[in-house]
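Inspection log for the structure reproduced underneath, given as structure tokens.
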Amino acid sequence: MRLSYTSISTYETCPLKWRFQYEERLPTAPSPALSFGDSLHRALYRFHNRPVPVAPPLGDLLEMLDEEWVSGGYRDEGEELSYLEHGRQVLTTYHRDNAPAFRVPAALEHRFTIQVDGVELTGVLDRMDRIPGGGYEILDYKTNRRLPPQSAIDRDLQLTLYYLAAGEVWGIEPERLTMYYLLPAQRMTTVRTPGDADAVRRRVATVAERIAAGKFEPRPNPLCDWCEFQAHCPLYRHKVDRDQGDSAPGMSEIVDEFVDLKRRGREVYRRIDELSSLINAFCDEHGYLRLYASDGSAIERRAQHVTAPDEAEVRRILEPLGLLDRVLAVDPKRLSDLIESRQLRPDVEDALLASREEVRTQYGLFLKDPQRARR
Ligand code: SF4
Numbered sequence: 023m024r025l026s027y028t029s030i031s032t033y034e035t036c037p038l039k040w041r042f043q044y045e046e047r048l049p050t051a052p053s054p055a056l057s058f059g060d061s062l063h064r065a066l067y068r069f070h071n072r073p074v075p076v077a078p079p080l081g082d083l084l085e086m087l088d089e090e091w092v093s094g095g096y097r098d099e100g101e102e103l104s105y106l107e108h109g110r111q112v113l114t115t116y117h118r119d120n121a122p123a124f125r126v127p128a129a130l131e132h133r134f135t136i137q138v139d140g141v142e143l144t145g146v147l148d149r150m151d152r153i154p155g156g157g158y159e160i161l162d163y164k165t166n167r168r169l170p171p172q173s174a175i176d177r178d179l180q181l182t183l184y185y186l187a188a189g190e191v192w193g194i195e196p197e198r199l200t201m202y203y204l205l206p207a208q209r210m211t212t213v214r215t216p217g218d219a220d221a222v223r224r225r226v227a228t229v230a231e232r233i234a235a236g237k238f239e240p241r242p243n244p245l246c247d248w249c250e251f252q253a254h255c256p257l258y259r260h261k262v263d264r265d266q267g268d269s270a271p272g273m274s275e276i277v278d279e280f281v282d283l284k285r286r287g288r289e290v291y292r293r294i295d296e297l298s299s300l301i302n303a304f305c306d307e308h309g310y311l312r313l314y315a316s317d318g319s320a321i322e323r324r325a326q327h328v329t330a331p332d333e334a335e336v337r338r339i340l341e342p343l344g345l346l347d348r349v350l351a352v353d354p355k356r357l358s359d360l361i362e363s364r365q366l367r368p369d370v371e372d373a374l375l376a377s378r379e380e381v382r383t384q385y386g387l388f389l390k391d392p393q394r395a396r397r
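Numbering (the working numbering), first residue to last: 23 to 397.
Laid out in structure tokens, this is it:
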């Protein structure tokens, strides 16, 4: 099996998307973001691809951008021109920051293929520099507008894969790994250890095992709104079908009625909460335990005591007696919430699912208002 950082990351984000993209190879349209990123990468490749440690002048770099510009994916000429102008500004800043200390890179756009537990792992390393005084720094250019938190860089999969590849291809352990965010002109640097490389080997193997086992469940995630495969995904297919001419109008009526009832139900519960506050305040003031309605029915007020043990105190008392295990339990609801949170890696999710004695699937129907959530 052949994988890359992008395909692993796609799989971990959504296995179904991986299947659409890498197995079924459904066509995707070019996008401004992809074309723009590609253009900057190409221009920077030419900028750094020199045998002498002297940077080309700014004019040459901007000319490289013009020559390497990838046109696909823009809405119209106006949008493309504004991206091109932005690209020129980005590279002007890049030149200002990098030309004075220009060095001949140790590696540039280096394509690699390494074996990781039976998986062919491929990738392209943007650049590797020698650090003055010794050691190597791997750099990857990013065209995101916003910087991620440092913690994301410290556990970034792509950088760990490059660290692993540098060891396999050149037998070196890079001292520094850097994401170079071109738009805000900021570097974010981190380090990796051989332990990180081992962990990522296991991660690659897990993804490969899941793919081999045909596990391609959809994983709703914050990027779904921009997914190119919505027309094929069970999350969005009905919307696409309806937009193209409703083939099941009877069911659409049922759905509309369900949505209407759910909305009214929310309104009813909201109003019940409001009235409960008024009723409780009135009963407190007058000492009533029941309030009677016009038809003779009554609202009865009953105290409900909610108690919560002081966990630290319980632990203090029971732990020395060896009895703490008797009151500790895995909360099935919390466990389900954790699994559904989609924050776990697929292998961890699988292990937790398998750890449950009985896996019963129930479907709740939740209303997602367009203005509250577009997924
Ligand atoms: S829309 Fe979301 S769940 Fe569906 S395939 Fe795309 S990423 Fe996966």
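The C-beta atom is built at its ideal place from N, Cα and C for all residues, glycine as well. No experiment lies behind these values; they were computed from the predicted model shown.
With residue i and residue j assumed to form a contact (beta carbons below 8 Å), what rounded beta-carbon distance in angstroms separates them?
{"i": "C36", "j": "R241", "result": "4 Å"}
{"i": "V112", "j": "L205", "result": "6 Å"}
{"i": "Q180", "j": "Y27", "result": "5 Å"}
{"i": "L199", "j": "T215", "result": "That belief does not hold up - the Cβ atoms of L199 and T215 are roughly 11 Å apart, past 8 Å."}
{"i": "E322", "j": "R312", "result": "5 Å"}
{"i": "L346", "j": "I361", "result": "That belief does not hold up - the Cβ atoms of L346 and I361 are roughly 25 Å apart, past 8 Å."}
{"i": "L143", "j": "L183", "result": "7 Å"}
{"i": "F251", "j": "L48", "result": "6 Å"}
{"i": "A227", "j": "V328", "result": "The Cβ separation is near 47 Å, so there is no contact."}
{"i": "R133", "j": "D151", "result": "No, R133 and D151 are not in contact; Cβ-Cβ is about 18 Å, not under 8 Å."}
{"i": "A187", "j": "G145", "result": "6 Å"}
Quick check: what's the CA-CA separation for residue i versus residue j?
{"i": "G236", "j": "V229", "result": "11 Å"}
{"i": "H117", "j": "E190", "result": "32 Å"}
{"i": "L87", "j": "A65", "result": "5 Å"}
{"i": "I301", "j": "S29", "result": "58 Å"}
{"i": "E159", "j": "F69", "result": "18 Å"}
{"i": "V281", "j": "G287", "result": "10 Å"}
{"i": "P331", "j": "R337", "result": "10 Å"}
{"i": "P54", "j": "A303", "result": "59 Å"}
{"i": "A325", "j": "D306", "result": "12 Å"}
{"i": "C255", "j": "L245", "result": "13 Å"}
{"i": "V277", "j": "P271", "result": "10 Å"}
{"i": "D139", "j": "V352", "result": "34 Å"}
{"i": "E197", "j": "E101", "result": "40 Å"}
{"i": "V222", "j": "L56", "result": "26 Å"}
{"i": "R209", "j": "I175", "result": "11 Å"}
{"i": "R396", "j": "D317", "result": "With a pLDDT of only 47 at R396, under the threshold of 50, the placement of this residue in the model should not be trusted; the figure read from the coordinates follows. Whole-angstrom Cα-Cα distance: 44 Å."}
{"i": "K261", "j": "V74", "result": "57 Å"}
{"i": "L147", "j": "G155", "result": "22 Å"}
{"i": "N166", "j": "Y203", "result": "7 Å"}
{"i": "L257", "j": "P127", "result": "46 Å"}
{"i": "S104", "j": "F58", "result": "11 Å"}
{"i": "Y67", "j": "Y163", "result": "11 Å"}
{"i": "R348", "j": "L357", "result": "19 Å"}
{"i": "L38", "j": "E371", "result": "16 Å"}
{"i": "T135", "j": "D60", "result": "21 Å"}
{"i": "R378", "j": "R367", "result": "17 Å"}
{"i": "G109", "j": "L84", "result": "9 Å"}
{"i": "A234", "j": "E46", "result": "15 Å"}
{"i": "A376", "j": "K355", "result": "16 Å"}
{"i": "W192", "j": "L340", "result": "56 Å"}
{"i": "R149", "j": "T115", "result": "19 Å"}
{"i": "L389", "j": "W248", "result": "21 Å"}
{"i": "S436", "j": "R41", "result": "Residue 436 falls outside the range modelled here, since the chain spans only 23 to 397, and no answer is possible."}
{"i": "E335", "j": "D359", "result": "27 Å"}
{"i": "E289", "j": "G267", "result": "32 Å"}
{"i": "G95", "j": "L106", "result": "13 Å"}
{"i": "Y291", "j": "L283", "result": "12 Å"}
Please confirm whether residue i has its beta-carbon closer than 8 Å to some beta-carbon of chain C.
{"i": "R338", "result": "Of the chains in the structure shown, none is chain C; there is only one protein chain."}
>> Could you tell me which whole alpha helix (DSSP H) segments of length 4 or greater appear in the region 307-383?
In response: List check, alpha helix (DSSP H) in window: 333-340, 346-349, 354-362 and 368-377.
> Residues near the ligand SF4, CB to any non-hydrogen atom under 7 Å, in chain order?
Replying inline: Listed along the chain, these residues meet the criterion: T35, C36, L38, K39, F42, P240, R241, P242, N243, L245, C246, C249, F251, Q252, C255, L257 and Y258.
> Would the region 120-127 and the region 71-82 be scored as touching if the rule is three or more Cβ pairs under 8 Å?
Replying inline: With three or more CB-CB distances shorter than 8 Å, the region 120-127 counts as touching the region 71-82.
> At what residue ranges does the region 128-199 contain a whole run of the alpha helix (DSSP H), taking only runs of 4 or more?
Replying inline: Entirely contained in the region 128-199, the alpha helix (DSSP H) runs reaching 4 residues are, in chain order, 172-176 and 179-192.
> What alpha helix (DSSP H) runs, 4 residues minimum, are completely inside the region 233-282?
Replying inline: Listed in chain order, the alpha helix (DSSP H) elements of length 4 or more contained wholly in the region 233-282 are 259-265.
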